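Presented below is the structure to which this report refers.
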Amino acid sequence: MSLAPALLLSMPQLIDPNFARTVVLLCEHSDEGAFGLVVNRPAEAKAAEAVHLDPPLATPNDLPLLIGGPVEPYRGWILSTQVTSEAESRPIGAGLYLSASQQVLREVLSMHPAPRRTAVLAGYAGWGPGQLDAELAESAWLIMPVELDLIFEIPPAVAWEMAIRRLGADPNLLQAGHGVH
């Protein structure tokens, strides 16, 4: 049974630095594996500074770039609550659409002001067959329904803690046991 879409919240025993204190939007989950995007890890550069479009953007906006995960770090994603005009986005549930289209990226980075509830991400989180299920069985992740404000409006630095608190837990009381990963 697919858990997607959902938010995965890393537990303290998840010691992999790519996932410590992360909120991951789980986009796909099946017997073949799982695919997600870390939505609370900002990059140092703005999205328009990190991408190389030809021709270059004349007046790009200041949409931030998020590090979506350690897999294929040069692969770009556009996550939005809006369907693009090119219909090059696919619905992933919870009112969210995902695209990897350069045309969509160009549109999103050219909009002034920057579009609401839209994120540009580099890389992704991937799990092989059964890997995420094993991590869930080891209590490496908490699962919660998708809450759009945690993805788009809550500052990334506090999104993990806020999500944990919304589940009724105190992040300071979660115990780090033996490591996972």
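Position one of the sequence shown corresponds to residue 1 (my numbering), numbered consecutively onward. Glycine residues also receive a C-beta, built at the ideal position from the N, C-alpha and C atoms. These numbers were taken from a predicted model, which means no experiment stands behind them.
Here residue 34 is actually not in contact with residue 141; their C-beta atoms are around 11 Å apart, not less than 8 Å.
Taking all protein chains shown into account, residue 111 has fewer than 16 neighbouring C-beta atoms within 10 Å of its C-beta and is therefore exposed.
With the rule of 3 Cβ pairs closer than 8 Å, the region 64-78 counts as touching the region 121-137. Closest by C-alpha distance to residue 158, out of 80, 136, 30, 41, is 41. Around the CB of residue 83, fewer than 16 other CB atoms lie within 10 Å, so the residue is classed as exposed. Contact between residue 162 and residue 150 is confirmed by a C-beta separation of about 7 Å, below the 8 Å threshold. Residue pairing of residue 1 in beta bridges, as defined by DSSP: absent, with no partner found. In the three-state scheme derived from DSSP, where H, G and I count as helix and E and B as strand, residue 139 is classed as coil.
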